[in-house]
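The structure appears below as structure tokens.
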Amino acid sequence: MPSIRQNAYPDLLPDFRNLGVMARVLVAVNAVALVGALYETSGFAAAFERFMQVAAFLEPLLLVDLIALSALSTLLARLPYWPGALVVVALAMLLAGGYQALVLALAPPAAPGLERTLVLAALLAAALLAYFRLHTKAFSPALAEARLQALQARIRPHFLFNSLNAVLALIRRDPRRAERSLEDLADLFRTLMADARDFVRLADEIALLERYADIEQLRLGERLRVIWELDAAPSDALLPPMVLQPLLENAVYHGIEPGTEPGEILVRIERRGERVHAVIDNPHREQANQRAGNRMALDNIRERLALFFDAEARLETRAAGGRYRVEIEIPYRRK
Amino acid sequence: MIQVFIVDDEEPARERLKELLGDIAAEVPTRIAGEARNGLEALERLPTSGAQVLLADIRMPGMDGLELARHVAGMENAPAVVFVTAHDQHAIEAFELNALDYLLKPVRATRLAAALRKAAAAGAPRAEQLSRAAASPREYLSVAERHRIVLVPVREIVFLRAEQKYVTVRTRAREHLIEESLIALEREFAKSFVRIHRNCLVARAAIRGFERSGGAEEEAHWQVVLDGVSERLPVSRRQWPGLRELIADNNSK
Numbered sequence: 006m007p008s009i010r011q012n013a014y015p016d017l018l019p020d021f022r023n024l025g026v027m028a029r030v031l032v033a034v035n036a037v038a039l040v041g042a043l044y045e046t047s048g049f050a051a052a053f054e055r056f057m058q059v060a061a062f063l064e065p066l067l068l069v070d071l072i073a074l075s076a077l078s079t080l081l082a083r084l085p086y087w088p089g090a091l092v093v094v095a096l097a098m099l100l101a102g103g104y105q106a107l108v109l110a111l112a113p114p115a116a117p118g119l120e121r122t123l124v125l126a127a128l129l130a131a132a133l134l135a136y137f138r139l140h141t142k143a144f145s146p147a148l149a150e151a152r153l154q155a156l157q158a159r160i161r162p163h164f165l166f167n168s169l170n171a172v173l174a175l176i177r178r179d180p181r182r183a184e185r186s187l188e189d190l191a192d193l194f195r196t197l198m199a200d201a202r203d204f205v206r207l208a209d210e211i212a213l214l215e216r217y218a219d220i221e222q223l224r225l226g227e228r229l230r231v232i233w234e235l236d237a238a239p240s241d242a243l244l245p246p247m248v249l250q251p252l253l254e255n256a257v258y259h260g261i262e263p264g265t266e267p268g269e270i271l272v273r274i275e276r277r278g279e280r281v282h283a284v285i286d287n288p289h290r291e292q293a294n295q296r297a298g299n300r301m302a303l304d305n306i307r308e309r310l311a312l313f314f315d316a317e318a319r320l321e322t323r324a325a326g327g328r329y330r331v332e333i334e335i336p337y338r339r340k
Numbered sequence: 089m090i091q092v093f094i095v096d097d098e099e100p101a102r103e104r105l106k107e108l109l110g111d112i113a114a115e116v117p118t119r120i121a122g123e124a125r126n127g128l129e130a131l132e133r134l135p136t137s138g139a140q141v142l143l144a145d146i147r148m149p150g151m152d153g154l155e156l157a158r159h160v161a162g163m164e165n166a167p168a169v170v171f172v173t174a175h176d177q178h179a180i181e182a183f184e185l186n187a188l189d190y191l192l193k194p195v196r197a198t199r200l201a202a203a204l205r206k207a208a209a210a211g212a213p214r215a216e217q218l219s220r221a222a223a224s225p226r227e228y229l230s231v232a233e234r235h236r237i238v239l240v241p242v243r244e245i246v247f248l249r250a251e252q253k254y255v256t257v258r259t260r261a262r263e264h265l266i267e268e269s270l271i272a273l274e275r276e277f278a279k280s281f282v283r284i285h286r287n288c289l290v291a292r293a294a295i296r297g298f299e300r301s302g303g304a305e306e307e308a309h310w311q312v313v314l315d316g317v318s319e320r321l322p323v324s325r326r327q328w329p330g331l332r333e334l335i336a337d338n339n340s341k
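Chains A and B supply the protein sequences, listed in that same order. Here my numbering is used: position 256 in the first sequence is 261, and no number is missing along the way. Here my numbering is used: position 87 in the second sequence is 175, and no number is missing along the way.
Structure below.
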């Protein structure tokens, strides 16, 4: 299971399916080629020409490497770090060697020597792995952890105390509903206090959304209407915990509570090919002093999505026609 | 028998307060004088309710509890006010500073009883206490009449002019008299109003331009031309330089 529990697994191979990782590999290898070309030649024009020659040889190999790695990424993720790293280096050498042989067969004079290619491939692969290892380390422990903890603590006290108050009002009139609401509240807080570093299933996150909405319904009654469009939601999709609930909470806090009239919130989650798409749409009320809090929550979620998905997640907001809409798109990942 | 009026936008919260009032009835006998879901609704119902104590939630749509209390303070026989809040750190600090009473949700019966007794004895809070506790300017000015409170939305006001002990509130359609100080109004609405004369504040949004008046011999002075009101208001020489900059800023935007 993908995880960013870097403390338990201090060294983790990069996720080769991630576009951010692929982009970094492409940029780094080409940069090395460019440096080599500059070193080898005397002028910029000559260097450029040399780089183009190298690139013509290099680029197909690189693409094959990336495809192979992304195809094998699930297998690689199961290996411990060092054997995994060895496999990656060996794979790079193997592909480079095979490619070299192929090029030799097609156009003998253009190809450099075999040993040199193998050594270069091994060195580059090892250097990139070292870079990713450092990157993960720099990104993870203290920094990421602190942010996640801060996020967990972010449920609004306003919500907690008002909910408890609403449940108290129920105890005499409708004890069963009061019981259910306290159970919902307990579930919600259990999730809030749980380890926020592991992915959760979308089905669980949706259950949480529904519990949260039930509690708010109790408080706000007919003022709150939530429309759920979840038929196309892939229940086995994995996502970071507490990404959708804060958005729904924002929608209630900014969209419903400031209004005297009933309001409608739309929650739509669906799978679009290899992506999971979520929309939360609520009435938009102009109140300048509330925006700061909202933006902070959104920034937090965006940051967390980046931690989990690097460049592959997207969060966008739009205010138009009296409605406010947040859209999230993440890659469709399963166990 | 204390007449209690309850304002809260959440129905369960109102129910809970009523339950608690029932629980403490032997100790502090009360009667529900009325209830409302927000400040605006409360202002319609309060003046004829005979309420002696107002239990007001702070965060409410339409008009919040603090602004409600400020309008209520102008009423004849204004009720005492006890704010009820789940968690508004800033508001609570402001209440402490200005000796205003509040209860935290969920409310305890004993605290409620104590607050009611204290409120019934202390009477209505003074307008200054409330205005100092308020974090944001009001959205309405109010004129307390015998059996109702007339609200004038601040965004409809064109100018405010001090006259003797009153301030004239001029909207496009009407004129009202309120008993407030122009200096306090200037401070509260500094964002939306600007002083043009010792006795006059004008809505920034209503300023259409300035006109020169007076012949060649006497010293010329400026007048402000306003949207929706034909009356021209004189600009004092002291305010003119600042105003001119303001207009220049607006034009350059």
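Every residue gets a Cβ at the ideal spot worked out from N, C-alpha and C, and that includes glycine.
Two segments are said to touch when three or more pairs of C-beta atoms, one from each, lie closer than 8 Å; by this definition the segment 318-333 of chain A touches the segment 247-266 of chain A.
A Cβ-Cβ contact shorter than 8 Å links V272 (chain A) with L253 (chain A). Identification of residues in the segment 186-216 of chain A having a C-beta nearer than 8 Å to some C-beta of chain B yields an empty set. Sequence-distant Cβ neighbours of L213 (chain A) in its own chain, meaning closer than 6 Å and more than five residues away, are T196 and Q250. Below 8 Å, too few C-beta pairs join the segment 178-189 of chain A and the segment 205-212 of chain A to call them touching: fewer than three. Contacts with chain A at 8 Å (Cβ-Cβ) do not include K279 (chain B). In this model, A130 (chain B) and A238 (chain A) are separated by some 44 Å (Cα to Cα). Close to chain A, meaning a Cβ-Cβ distance shorter than 7 Å, are the following residues of the segment 175-201 of chain B: H175, K193 and P194. DSSP places S301 (chain B) in the uninterrupted beta strand (DSSP E) bounded by I295 to S301.
Looking only at B:A202, B:Q217, B:E263 and B:V242, the smallest Cα-Cα distance to E274 (chain B) is reached by B:V242. DSSP, reduced to helix, strand and coil, places D315 (chain B) outside both helices and strands of the structure shown, so it counts as coil. A residue is called buried once 16 or more other Cβ atoms fall within 10 Å of its Cβ, and N170 (chain A) is buried on that count. Our two residues, V238 (chain B) and F277 (chain B), have alpha carbons roughly 19 Å apart in a direct line. T265 (chain A) carries a coil assignment under DSSP once its states are collapsed to helix, strand and coil.
For I112 (chain B), the closest of B:A203, B:V312, B:D145 and B:A179 by C-alpha to C-alpha distance is B:A203. Restricting attention to A:R138, A:Y44, A:V281 and A:G25, the CA atom closest to the CA of L320 (chain A) is found in A:V281.
Taking a Cβ-Cβ threshold of 7 Å, the residues of chain B close to T265 (chain A) are N126, P149 and G150, in chain order. Scanning B:L270, B:R262, B:R214 and B:A308 for the CA closest to the CA of N186 (chain B) turns up B:R214.
Judged by DSSP in its simplified three-state form, G122 (chain B) adopts strand.
DSSP, read as helix, strand or coil, puts Q140 (chain B) in coil. Close partners of R332 (chain B) in chain A (Cβ separation under 7 Å) are lacking, with about 28 Å as the shortest Cβ gap.
Along the length of the segment 173-206 of chain B, whole alpha helix (DSSP H) runs at least 4 residues long occupy 177-185, reported in chain order. Fewer than three Cβ pairs drawn from the segment 94-113 of chain B and the segment 217-227 of chain B lie within less than 8 Å of each other, which leaves the two stretches out of contact. Residues of the segment 92-107 of chain B with a C-beta less than 7 Å from any C-beta of chain A: E98, E99, P100, A101, E103, R104 and E107, listed in chain order. Take E99 (chain B), set aside five residues on each side of it, and no residue of its chain has a beta-carbon closer than 7 Å to its own. Rounded to whole angstroms, P180 (chain A) and R104 (chain B) show a C-alpha spacing of 14 Å.
For L223 (chain A), the chain B residues whose Cβ falls inside 7 Å of its Cβ are P100, in order along the chain. Between A232 (chain B) and E123 (chain B), the C-beta gap is not smaller than 8 Å, which leaves the two residues out of contact. Spatial neighbours of R290 (chain A) in its own chain (CB-CB distance under 8 Å, excluding positions within 5 residues in sequence) are listed in chain order as H259, G260, P263 and G264. I232 (chain A) places its beta carbon 8 Å or farther from that of E275 (chain A). In the pairwise beta carbon analysis, the segment 222-231 of chain B is classified as touching the segment 144-155 of chain B: at least three pairs are separated by under 8 Å. Contact check for V26 (chain A) against D315 (chain A) passes: the beta carbons are separated by less than 8 Å. By the Cβ neighbour-count rule, Q140 (chain B) is buried, with 16 or more other Cβ atoms within 10 Å of its own. By the rule that beta-carbons nearer than 8 Å mark a contact, H163 (chain A) touches chain B. Taking a contact to require three or more Cβ pairs closer than 8 Å, the segment 251-266 of chain B and the segment 191-205 of chain B do not qualify as touching. For L169 (chain A), the C-beta contacts it makes with chain B under 9 Å involve A174, K193 and P194, in order along the chain.
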